[in-house]
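Quick note, the sequences are listed as chains V and C, same order.
Counting from 1, position 20 in the first sequence corresponds to residue 20 in my numbering; the numbering is continuous, with no gaps.
My numbering runs 1000 ahead of the 1-based position in the second sequence.
In this text, a Cβ means the ideal position worked out from N, Cα and C, and glycines have one as well.
Only one structure is covered here, and it is reproduced in the block below.
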Amino acid sequence: MKLHHSRIAMIALAALGCLGFAQIDRAVATGPLAIQGATIITVSGETIANGTILIRDGIIEAVGTDVTIPGEAHVIDGKGKFVMPGFIDAHNAAGMSQANEQAAVVPFLSVVDSIDPVAAYFEECRRNGITSAAVVPGNSTLIGGKAAIVKTAGQYVNDMIVRRDSALKLSLRPTSGSRMSQMALLRKELDAAKKALETNDEDSKDEENNKDEEAAKKAESEKKEGDAGGDGSGEEKPAGEEPAADAAGTGVDIGLEALKLAVQGKMPVYIYCEVAMDVSAAVKLVEDYGLKPIYVLGQECYQAVKLLAKQERTVILDPTLVYWKTNPRTREDEKIELPTIYLEAGVPFVFQVSESDRRTSLGTSYFWYQAATAVKYGVAENKALAALTLEPAKLLGIADRVGSIEVGKEADLVVLTGQPLDIATWVETTIVGGEVVYERDTDQKLKRLLSPEAE
Amino acid sequence: MRVITELSYFGLRCTNNSLIALLLSAFLVAPSLAQTDDAYFASSIWTGEGDPIRNGVLLVREGVIVAVGPRDKVEIPARAKRHELGSATLIPGLVIAQTNIVESTRAEEYAISPEVRAVDGFDPFGDYQVLLAAGITTVQISAGNNRLMPGQGAVVKLAGDDATKQILSEVESFRIVLTREGLTPPTVYEPPVGAVSVERPVEPTKPQLGTSLAQAVVGLEALLAEASAAQSPDDVRLQALAKILKAKLVSRWSAGSSAEIRAALQLAKQFNLPWIVVDPLEVDLLTASEVWQSDLARGVILNPELRPGRITNPTVPREGAKPEMPVWKRARLLIDAGAGDRLALRSATDQDLNKLLFTASVLGRGGLSSAQILKTITSNPARMLGVADRVGSLKANADADFVVLSGAPFEPGTKVLSTFANGRSVFESQAKNETATVIHAAKIYSSGGVLESSSVAVAGGKIAGLGADVSLPQGAKVRDFGNAVIIPGMIDCSTSLGLGGSLSETIAFGTALGPLLARDDDQVALGRQGGVTTALLSSTRLPSPVLAFKLTDAPRALKDPVALRFEVKGNLTSDAANVERTLKTGKAYADAWTKYDAEFAEYKQQLAKYEVEKAKYDAALKAVAAKKAAEAQKAEEEKKKLEAAKASADATGGEKKDDAGKDVDKPAEGKSTTPPGDKTDPAKADAKTDDAAKSTDTKAADAKPSDAKPTEPELVEPKKPTEPKKPATSSSLEPYRDLFANKIVAMVDVSDVKAVDLAVKLFRKDFGLKTVIVANEVASRRAKLLAENDVFVVVGPTLVDTDDEGELINYAAELAVARVPIGFQSNASTGVSEMPSAISYAVYEGLGSSDALKGLTAGTAKFMGLDSVGAIEVGKDADLVVLSGSPLLLSTEVLAVMIDGEWVYEKESHK
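Listed below in structure tokens is the structure:
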């Protein structure tokens, strides 16, 4: 099935003339793959010098210094290189065609319908070692719809999906009317969901039981899928999908269903906070409605760092980690170092990169750069690396599958030419689900960029 | 770890100015919250209810008030930290009954939006420093002003450690604006219905009520009735209203006229809602006695209708119109009607909130006492807002939100010194901190000797106290420099600082250099870093006047001029004559003035005497004139008689006839007032005493016929003393007067030994001037001569030299050994900062450090007549230099420099 897809894709791409790095030697990936003699930064455990990783069927089969490589395996020489878990982008709106809606309340939308597998974003992800990404509706829609977690390689959206409807997106940035009326509108929607749940409870306890059973079943099947080592870009059915699917027939409000899952704490909620006062509003919402929040923070939210510390949750920082700000009253400039502030307050954080249209700027558009900045301002290097990999995996609830180099986890790996946070380091190879999806040697675009005369 | 967290939190939110204060307070308060209590002693405490407590104390534990009362009635735990606030007054943190300080960058669209909650627009991380600085700690926030039903208000604190805890009441009231602002809502553009989809459904038009009061009231009534009847309405507005009505939320009515107030009261009654009336202009309905017996009457909020610093043009009232009742009268009437505990005052606008302590005093016109006025901005609003248990008055178990005022509230000149919220200082007045500093150091070189482990208290730019146990001025900032040494600010006897560049033009002695000093001169800022706080400035082209000034940012002339500077150089034969001539000219000028001054003083005395005499004389003259008139009449009669007699018998002596004729002439002249003495020479008269005049008169009288009465001799007109002639004023010679009066000194630059001799002879011996010789090695060779003649010597910048044989000559030391008083000069601009280091070499090579220090401070100050500087002594200028170790060692570093009570330099690590 998988092979089939990729062949079609290859033909299609060739026909379109879209050659280059996308043309991958998939045949290699079908057999076992080994990376030999590299420094392996497992993130979850000790770093292994001169280690070997053996990948079979997209799953890491063995890691260590004394791994026997089967004869049929394709071997990547890792000598002098570093291998890390693939980076995970916990929040971005770049993978979809349009981030925001004009209407303020659109909980029924799903980004899956908008993800473009051949978007430049995904190409950039592979080039920069990002193997999983949460595609989330933008920051300018009050209730923006449902996010999805995808792998960054695949020809069709369904190949890429790790988790559909992984979370709901709320944004507290006012776009029409004041913050007060925005909040009134948001509360109205959440109240409606709460009320609907109460009615549901009274109406049919049986249905609830059924749901539970279904959920249990689903969890089981997921587990099975994982055990079986199904392909990494396989699709999962989220908790919220069943009622939504039903909706088509019964006329149930899909948006309301999503909100209901959110107020039950079954579906995580991204809450974008533009300024510090949004953080206190978000915290209040979480308390009032029992939400399971993922805080996405704007630059100014550091003022609420004490409040965030009390929430004991990993937060997603703004792409601009260090900036200058003028105090409006004293007109004095002060340097704001977000990593320092959050580190000292004891708030765990992961990074975002600036959006694709600003990708021309070096620095904040790269995850390694964000981590290096954090290290500069006092974050321990291993923590910074975890903030690129295992921490976002945990935040997104996919740590059982990705985020570290462990036996049994999906083989989402990135091979680096040197130390991960070194500016001279390149991504040599990116592996998603045991398949090599990027090789620098075949990256024509990069080559053209670096040596135009060669054309 | 907790402390660090707090530090970074505050540090990042605050400005650099308040950073240190906040860091300090975070350090101090964090542990105290855990263990100790804080006791604030103040001369009076206004609790917000009733009369102030004199000599009170406020005891705070963990941000909550434990006790408040008179000093002798409240038991203070031994572990409590005591804060003596002296003459300060404590009042509760102000509570404002209505404001609009919410985030509202975009206006709401609809006239009726009861579902909107102001609390969602409150930014707990906003910058409320301006309001905190005005003593405001709690405010009601409202969701809007210019719509009929803007939404639900909240009560929030403007400061707090925990953002979520700053909200005292999430939903406090719902507001209805019946005044004109509310009845003319912003127009809503309803776009034509376009493509309809699931996400863009066609919505029914939201209720927009009419723009007349009658329409609004009818509409409101219908809406409220619908909301109270509806079971579970779909409309978000009705949902919100139903909730509001169920919870019996306070209704807050903006209503000015009687009609509006009537509508408000009627609707509130109809739906059984507690009410607050805001900004009533007519109070006849609110002053009915039964109104305030109702439980629903929560209170009235008045608007002072006063914007400090703004002038409005009131409209001329129409003829026959009812005059508008002033706010203080309305307040008075409401209190009389029983609303005394339910009356609050708000600010006319949010921009004027920080002036509320001033504007509130307008109620004093209505005869309200200060305590009553304070109630309207503290305990009354707190009660009306339903948060009286926590804020608004200083009582046990309430939040420790209080304001430290410099004096009684509403008095002119009373300032907010600091504001506390939850026991934590959230505002400290800068002015307060600048006025007083207490500096502690291991050694202080005071004029009374070296004090070990002592403090200097500085207030108002002067040294206010000195000693091991110095009393703390009000609100003093304490700086402990640990093992440091404090010496007086030093004096540099010759610099080229102060004018932004060196001065080499010829300057007349009369030129005042003080007004030419440049402000914020970078050279001065650098020059003072070595510890020199007073510098002398003159032109390099001599002679020149010399100015003494302080090295502050705005340099202050200390003495202008402090000296006149001459030079004796080159060809001494001609030079000596020249200098002598100059001095002679000066002396002549000064003498002329001295003489004039003496004469003038004499003249003044004479004049005073003359005026007394003249008054006496005038009085006497009047009496005499009256008498004479009577006599003349008599004489006339006698004359007639005499003539008659003469005519009858014409045989008498010629001499007698003459005299008689004279005698007769006089009365004939009648009013003649000229006494015989007047005819004497004025010069003689001046010398003559009254007695002499009398004796002359007596003689004259003797010569007169015996029948003439001796009244005339008393009528000597006193001589008006002539004013002495002023010598011609010459501005360039003017300073010589002070010079020859020894008020200022003569500084003489000399080139060689002979010049020293000459200078001493001329300036010191011949003219008796206070003389300063500016020289190096040449002076040291005449040390004995200089010592004998009390001549002061300025040395430097080179203090130690090597002679031909390689011997070191320490000029300063030689002079000091000979007991010649010395001072030092750098002749530099920014190099002034290096002078103390230069002197340290002389000290290293044998100059006594106490002699050197004396020359840099007290010795020079005394000789130059700079009375306010040069010593650490109570009453002198607070010019202090903080050193890392003993003075005048190369290993010693300047840590900080204070001039006139202000830190002008601090080493980076000591900031």
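Query raised in the report: What span of residues does the beta strand (DSSP E) with F1792 (chain C) cover, start to end?
Result: Start at 1 with the first residue of the second sequence, and residue 1792 (chain C) comes out as number 792. DSSP places F1792 (chain C) in the uninterrupted beta strand (DSSP E) bounded by F1792 to V1795.
Requested in this report: Could you say which of C:W1593, C:N1303 and C:V1277 lies nearest to V1291 (chain C) if we only look at CA atoms?
Outcome: In the second sequence, the residue the question calls residue 1291 (chain C) occupies position 291. Closest in C-alpha terms to V1291 (chain C), from the list C:W1593, C:N1303 and C:V1277, comes C:V1277.
Query - Paired residues, beta bridge with Y270 (chain V) - DSSP - result: Locating residue 270 (chain V) in the first sequence gives position 270, counting from the first residue. Beta-bridge pairing links Y270 (chain V) to V:K169 and V:I294.
Query raised in the report: From N1776 (chain C) to I1463 (chain C), what does the alpha carbon distance come to, in whole angstroms?
Result: Within the second sequence, residue 1776 (chain C) is the residue found at index 776, counting from 1. Within the second sequence, residue 1463 (chain C) is the residue found at index 463, counting from 1. Taking the straight line joining both Cα atoms gives about 35 Å.
Requested in this report: State the Cα-Cα distance for the pair T1860 (chain C) and E1567 (chain C), rounded to the nearest angstrom.
Outcome: Counted from its first residue, the second sequence places residue 1860 (chain C) at position 860. Counted from its first residue, the second sequence places residue 1567 (chain C) at position 567. T1860 (chain C) and E1567 (chain C) have their alpha carbons spaced roughly 20 Å apart.
Query raised in the report: Who are the near neighbours of Q1606 (chain C) in its chain, counting only those whose CB is closer than 8 Å to its CB and skipping five residues on each side?
Result: The residue you call residue 1606 (chain C) lines up with position 606 of the second sequence. The beta carbon of Q1606 (chain C) is closer than 8 Å to those of P1721 in its chain, skipping five residues each way along the sequence.
Query - Contact set for V1155 (chain C): own chain, Cβ-Cβ below 6 Å, skip 5 residues either direction - result: If you number the second sequence from 1, residue 1155 (chain C) lands on position 155. Once the five neighbours on either side are set aside, the close Cβ partners of V1155 (chain C) are Q1140, L1168, S1169, E1172, L1385 and V1387.
Query - alpha helix (DSSP H) runs contained entirely in the region 1251-1314 of chain C, provided each spans 4 or more residues - result: Counting only runs of 4 or more, we get 1258-1270.
**Report entry** Residues of the region 260-282 of chain V with Cβ closer than 7 Å to any Cβ of chain C, in chain order
**Finding:** Of all residues in the region 260-282 of chain V, A276, M277, S280 and A281 have a Cβ within less than 7 Å of some Cβ in chain C.
Report task. Name the two residues that bound the continuous alpha helix (DSSP H) containing P1381 (chain C). Result -> In the second sequence, counting from the first residue as 1, residue 1381 (chain C) sits at position 381. In the DSSP assignment, P1381 (chain C) falls within the unbroken alpha helix (DSSP H) covering S1379 to M1384.
Query - Beta-bridge pairing of V427 (chain V) - partner residues as DSSP gives them - result: The count along the first sequence starts at 1 and reaches residue 427 (chain V) at position 427. When beta bridges are read from the DSSP output, V427 (chain V) appears opposite V:L416.
Report task. Could you name the residues of the region 172-184 of chain V whose beta carbon sits closer than 8 Å to any beta carbon of chain C, in the order they occur along the chain? Result -> For the region 172-184 of chain V, which is checked against every Cβ of chain C, the residues closer than 8 Å are P174, S176, G177, S178, R179, M180, S181, Q182, M183 and A184.
Query - Interface residues of chain C facing K284 (chain V) [CB-CB closer than 8 Å] - result: One-based indexing of the first sequence puts residue 284 (chain V) at position 284. Neighbours of K284 (chain V) in chain C, taken as residues whose beta carbon is under 8 Å from its own, are T1164 in chain order.
Query raised in the report: If we cut at 8 Å on Cβ distances, does F1125 (chain C) have a partner in chain V?
Result: Numbered from its first residue, the second sequence carries residue 1125 (chain C) at position 125. It does: the Cβ of F1125 (chain C) has a partner Cβ on chain V nearer than 8 Å.
Query raised in the report: Out of curiosity, what's the CA-to-CA distance linking V1068 (chain C) and E1075 (chain C)?
Result: Stepping through the second sequence from its first residue, residue 1068 (chain C) is reached at position 68. Stepping through the second sequence from its first residue, residue 1075 (chain C) is reached at position 75. In a straight line, the C-alpha of V1068 (chain C) is about 10 Å away from that of E1075 (chain C).
Query - Continuous beta strand (DSSP E) stretch holding M277 (chain V): start and end - result: The residue you call residue 277 (chain V) lines up with position 277 of the first sequence. Where M277 (chain V) is concerned, there is no enclosing beta strand (DSSP E), although the alpha helix (DSSP H) it sits in stretches over A276 to Y289.
Query raised in the report: In angstroms, rounded to a whole number, what distance separates the CA positions of E1049 (chain C) and D1341 (chain C)?
Result: As a position in the second sequence, residue 1049 (chain C) is number 49, starting the count at 1. As a position in the second sequence, residue 1341 (chain C) is number 341, starting the count at 1. Pairing E1049 (chain C) with D1341 (chain C), the inter-Cα distance amounts to about 9 Å.
Requested in this report: Return no unless some Cβ of chain V is closer than 8 Å to the Cβ of L1889 (chain C).
Outcome: Locating residue 1889 (chain C) in the second sequence gives position 889, where the first residue counts as 1. Taking 8 Å as the threshold, the shortest C-beta distance from L1889 (chain C) to chain V does not fall below it.
Query raised in the report: Got a sec, what are the start and stop residues for the beta strand (DSSP E) A147 (chain V) sits in?
Result: Locating residue 147 (chain V) in the first sequence gives position 147, counting from the first residue. Its beta strand (DSSP E) spans residues I143 to K151.
Query - Selection of the region 319-337 of chain V by Cβ proximity to chain C, strictly under 8 Å - result: Those residues of the region 319-337 of chain V that come within reach of chain C (Cβ to Cβ, closer than 8 Å) are N327, P328, R329, T330, E332, E334 and I336.
Query raised in the report: So, helix, strand or coil for A1398 (chain C), using DSSP?
Result: If you number the second sequence from 1, residue 1398 (chain C) lands on position 398. Under the three-state reduction of DSSP, A1398 (chain C) is assigned to coil, being neither helix nor strand.
Requested in this report: Over the uninterrupted alpha helix (DSSP H) stretch that includes M1864 (chain C), give me the two end residues.
Outcome: On the second sequence, position 864 is the one that residue 1864 (chain C) refers to. Its alpha helix (DSSP H) spans residues A1858 to M1864.
Report task. Using a Cβ cut-off of 9 Å, pull out every chain V residue sitting near Q1430 (chain C), in sequence order please. Result -> For the purposes of this step, residue 1430 (chain C) is taken as residue 430 along the second sequence, with counting starting at 1. Near Q1430 (chain C) there are no residues of chain V at all, since even the closest Cβ is about 12 Å away, more than 9 Å.
Report task. Give a yes or no on whether the minimum CB-CB distance between G240 (chain V) and chain C is below 8 Å. Result -> Residue 240 (chain V) sits at position 240 when you count from the first residue of the first sequence. Bear in mind that the predicted position of G240 (chain V) carries a pLDDT of just 41, short of 50, making it unreliable; the figure below should be weighed with that in mind. Cβ-Cβ to chain C under 8 Å: no for G240 (chain V).
Query - Residues of its chain near Q419 (chain V), where Cβ-Cβ distance is below 8 Å and the 5 sequence neighbours each way are ignored - result: By one-based count along the first sequence, residue 419 (chain V) stands at place 419. Hits under 8 Å: F82 and T425.
Query raised in the report: Is any beta-carbon of chain C found at less than 8 Å from that of K188 (chain V)?
Result: Walking along the first sequence from the start, residue 188 (chain V) turns up at place 188. K188 (chain V) counts as touching chain C.
**Report entry** Residue-chain proximity (G1151 (chain C), chain V), Cβ-Cβ < 8 Å
**Finding:** Against the second sequence, residue 1151 (chain C) aligns to sequence position 151. Interface with chain V (8 Å Cβ-Cβ cutoff): G1151 (chain C) is included.
Requested in this report: Indicate whether the contact test is met: 3 or more Cβ pairs, each with one atom in the region 1818-1826 of chain C and one in the region 1782-1790 of chain C, closer than 8 Å.
Outcome: Output reads yes: the region 1782-1790 of chain C touches the region 1818-1826 of chain C.
Query raised in the report: By the criterion of Cβ-Cβ separation under 8 Å, what are the contact partners of L307 (chain V) in chain C?
Result: For the purposes of this step, residue 307 (chain V) is taken as the residue at position 307 of the first sequence. Per Cβ cutoff of 8 Å: D1162, A1163 and T1164.
Query raised in the report: Can a CB atom of chain V be found closer than 8 Å to the CB of R1117 (chain C)?
Result: Counting from one through the second sequence, the residue named residue 1117 (chain C) turns up at place 117. At a cut-off of 8 Å between beta-carbon atoms, R1117 (chain C) makes contact with chain V.
Query raised in the report: CB-CB under 7 Å to N139 (chain V), same chain, minus the five flanking residues each way: which ones, in chain order?
Result: The residue you call residue 139 (chain V) lines up with position 139 of the first sequence. Around N139 (chain V): S171, R173 and Y272.
Query raised in the report: According to the Cβ coordinates, are G58 (chain V) and G434 (chain V) closer than 8 Å?
Result: Numbered from its first residue, the first sequence carries residue 58 (chain V) at position 58. Numbered from its first residue, the first sequence carries residue 434 (chain V) at position 434. In contact: G58 (chain V) and G434 (chain V) (Cβ atoms closer than 8 Å).
Query raised in the report: alpha helix (DSSP H) containing P392 (chain V): first to last residue?
Result: Taking the first residue of the first sequence as position 1, residue 392 (chain V) is located at position 392. Segment L390 to L396, the alpha helix (DSSP H) holding P392 (chain V).
Report task. Report back the beta-carbon spacing between I88 (chain V) and T389 (chain V) to the nearest angstrom; my notes put them in contact at under 8 Å. Result -> Looking up residue 88 (chain V) in the first sequence gives position 88. Looking up residue 389 (chain V) in the first sequence gives position 389. Yes, I88 (chain V) and T389 (chain V) are in contact; Cβ-Cβ is about 6 Å, under 8 Å.
Query raised in the report: Thinking C-alpha only, which one of V:L308, V:E332, V:V105 and V:E274 is nearest G346 (chain V)?
Result: Mapped onto the first sequence, residue 346 (chain V) falls at position 346. Out of V:L308, V:E332, V:V105 and V:E274, the CA that lies nearest to the CA of G346 (chain V) is found in V:L308.
Query raised in the report: If you compare alpha carbons, which of C:R1424, C:E1226, C:A1746 and C:Y1445 is closest to E1062 (chain C)?
Result: By 1-based counting over the second sequence, the position of residue 1062 (chain C) is 62. Comparing Cα positions, the closest option is C:R1424.
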